[in-house]
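Undergrad: The sequence shown stops at residue 1846 when you use the working numbering, and every number in between is there.
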Amino acid sequence: MSKSLDSFNCRRTLTAGGSDYVYYDLVEAEKNGLTGIAQLPYSMKVLLENLLRNEDGRSVTKESIQAVAGWLTDRGTAGVEIAYRPARVLMQDFTGVPAVVDLAAMRDAMASLGGDPQKINPLVPVDLVIDHSVIVDEFGTPLAFARNVELEYERNEERYKFLKWGQQAFRNFRVVPPGTGICHQVNLEYLGQVVWTNTEGGETTAYPDTCVGTDSHTTMINGLGVLGWGVGGIEAEAAMLGQPVSMLLPEVIGFRLTGRLREGVTATDLVLTVTQMLRKKGVVGKFVEFFGPGLSNMTLADRATIGNMAPEYGATCGFFPVDGETIRYLTMSGREENRIALVEAYAKAQGMWRDTGSADPVFTDLLELDLGSVVPSMAGPKRPEGRVALEGIPAGFVKAMETEYKKAVEIDRRYAVEGTDYDLGHGDVVIAAITSCTNTSNPSVLIGAGLLARNANRLGLKQKPWVKTSLAPGSQVVAEYLEKSGLQKELDQIGFNLVGFGCTTCIGNSGPLPAPISRTINDKGLIAAAVLSGNRNFEGRVSPDVQANYLASPPLVVAHALAGTVTKDLTTEPLGEDRDG
1266 MSKSLDSFNC RRTLTAGGSD YVYYDLVEAE KNGLTGIAQL PYSMKVLLEN LLRNEDGRSV
1326 TKESIQAVAG WLTDRGTAGV EIAYRPARVL MQDFTGVPAV VDLAAMRDAM ASLGGDPQKI
1386 NPLVPVDLVI DHSVIVDEFG TPLAFARNVE LEYERNEERY KFLKWGQQAF RNFRVVPPGT
1446 GICHQVNLEY LGQVVWTNTE GGETTAYPDT CVGTDSHTTM INGLGVLGWG VGGIEAEAAM
1506 LGQPVSMLLP EVIGFRLTGR LREGVTATDL VLTVTQMLRK KGVVGKFVEF FGPGLSNMTL
1566 ADRATIGNMA PEYGATCGFF PVDGETIRYL TMSGREENRI ALVEAYAKAQ GMWRDTGSAD
1626 PVFTDLLELD LGSVVPSMAG PKRPEGRVAL EGIPAGFVKA METEYKKAVE IDRRYAVEGT
1686 DYDLGHGDVV IAAITSCTNT SNPSVLIGAG LLARNANRLG LKQKPWVKTS LAPGSQVVAE
1746 YLEKSGLQKE LDQIGFNLVG FGCTTCIGNS GPLPAPISRT INDKGLIAAA VLSGNRNFEG
1806 RVSPDVQANY LASPPLVVAH ALAGTVTKDL TTEPLGEDRD G
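1) Going by DSSP in three states, residue 1844 sits in which element: helix, strand or coil?
2) Smallest Cα separation from residue 1301: which of 1279, 1314, 1337, 1632?
3) Helix, strand or coil for residue 1713? Go by DSSP, reduced to three states.
4) Quick check: the Cα distance between residue 1403 and residue 1736, rounded to an integer number of angstroms?
5) Kindly confirm or deny that the segment 1690–1699 and the segment 1430–1440 touch, where touching means at least three C-beta pairs closer than 8 Å.
6) Applying the 10 Å Cβ sphere with the 16-neighbour rule, what's the burial state of residue 1308?
7) How would you label residue 1704, buried or exposed, when you count the other beta carbons within 10 angstroms and need 16 or more for buried?
8) Quick check on the burial criterion: 16 or more other C-beta atoms within 10 angstroms. Buried or exposed for residue 1313?
9) Can you list, in chain order, the residues of its chain whose CB lies under 6 Å from that of residue 1462, leaving out five sequence neighbours each side?
10) Taking C-beta to C-beta, are residue 1444 and residue 1766 nearer than 8 Å?
11) If residue 1717 and residue 1641 are in contact, beta carbons under 8 Å, what's the gap, nearest whole angstrom?
12) Within its chain, find whatever has a CB closer than 7 Å to the CB of residue 1617; leave out the 5 residues flanking it on each side and keep chain order.
13) Kindly indicate which three-state DSSP category residue 1814 falls into: helix, strand or coil?
14) Going by alpha carbons, who is nearest to residue 1652 out of 1738, 1598, 1589, 1540?
15) Taking the alpha-carbon of residue 1332 as reference, which of 1359, 1299, 1353, 1609 has the nearest alpha-carbon?
16) Is the number of C-beta pairs between the segment 1573–1586 and the segment 1542–1558 that are closer than 8 Å three or more?
17) Quick one: what does DSSP say residue 1856 is sitting in, helix, strand or coil?
18) Excluding the 5 residues flanking residue 1244 on each side, which residues of the same chain have their C-beta closer than 6 Å to its C-beta?
19) Along the chain, where does the alpha helix (DSSP H) that runs through residue 1315 open and close?
20) Determine contact between the segment 1508–1528 and the segment 1342–1358, defined as no fewer than three beta-carbon pairs at a distance below 8 Å.
21) Can you have a look at residue 1499 and say buried or exposed, based on whether 16 or more other CB atoms are within 10 angstroms of its CB?
22) Using C-beta distances below 7 Å, list every residue in its chain close to residue 1451, excluding the 5 sequence neighbours before and after it, in chain order.
23) Rounding to the nearest angstrom, what Cα-Cα distance links residue 1813 and residue 1795 in this structure?
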């Protein structure tokens, strides 16, 4: 990191956790010419610090820094371009492999030109998490996890060996192996630091942790107060090699949250409501920043769930500022004490700390939501913003049969499934998957799913035989607390055995349906349904056999596995029959 020109004379020293850090002080920058920047949104302060620290007179000039202060006047509508340098890059195995191939090719080119190939390395830290390759081939048995992992390694042996070579060959490049978790959850639990540090020339500089990732749901890390979003492979490679990301200063939509969620309402219900509101508002290319008294009633896991679905509501990111809940999460997840002390001291020194007495920043525009108004919901049958209150799902499916699928006259028809003692009809749930980074980061909804499974087991309820059930947690931490709480064995009894750690059903790796079920669906033209705790439900994404896909919280995924259909109103009708009928 080259020294900044520091035109606003704001280079200072911060002492935290017994160590001294160089930092670029926004309070001093305001005194020295950047008038009013204390009123900027927290996310814009991160961009401003980035420019102050990287001022080189070429890609970052004094004028481009002044333009950020000018945001208070134009509110992001002026189309000002800046050169932004993220602290690190996050990759997953689908998009990461080509990047490593390019680095290897650059080494070959360097050698052919007579240079030292060892000089080709990422200049910023890069973490590649292998999570996109596991497929749900085996399900509903205690052996499902072991068998799916075995198949994953068989199919991807060459790729995995190549990535292992890459980790050994390149500096600043780490690979998180298969079976560890989903990259965004690993980022949240382990990789994200909130405040990054870099030691060079005998001094350590502290600055906001920021990242770009080769996956659209990189935005999940914004729940931790780390500014991040997804980019294309070329942009990610440029960032790896120290080049800035060119971007326009965005409009920032302030989303004010008040109140608290009612009992029985989940973070999934909230994020589907937020997605619907922001889609209606229109936030493509904009930052969304959450503020207001409701933040004090939200866990970090809930914030991460909302940050995760930024691509679905169309924003570049959905940002939550650093506060006491951030510190609590860092402590709970085992971050180093010195780092936690630095995060708090840095955020407070920079005006990046939120508490109940903080003044509201200036925003381009505003939305507001009372958390107490959120109701149990699902989204479907084919768009993430298609939120419907839970009791409206059956009527919504009936309407879709008429308007989307043109099969209204067939809605009550059922067909025998060869070799079984059951039949299938329109709206029957053939996939129920607790999956994806969106919800498997959230203990409250996963424990809720386990408790529902326990209650079902006590009554003798079972999943319907045509439902392919699966549980793919976001990290091994999730599996550990489900196991230790005794809830995993409850989930196992109704078919939600562990199938792997990875994206699975959410990205279409749901694996094949049993052949007789698949044949019946396709031969009879059935509109079968999937219910998953994911973030995208576009037609054909989850499975080629399934057209109607619904996003739901993990407890509602379990409930629909028991009910076996989306044509039943789960708020008034029974999930099934107990031992006494």
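C-beta atoms are modelled at their ideal positions from N, C-alpha and C, and glycine is treated no differently. These numbers were taken from a predicted model, which means no experiment stands behind them.
TA: According to the data block:
1) coil
2) 1337
3) helix
4) 11 Å
5) no
6) buried
7) buried
8) buried
9) 1469, 1471
10) yes
11) 13 Å between Cβ atoms; not a contact.
12) 1307, 1310, 1586, 1587
13) strand
14) 1540
15) 1299
16) yes
17) The shown model of the chain, from 1266 to 1846, leaves out residue 1856, and the question about it has no answer.
18) What is shown of the chain runs 1266 to 1846, which leaves residue 1244 out entirely.
19) 1307–1318
20) yes
21) exposed
22) 1394, 1441, 1445, 1740
23) 6 Å
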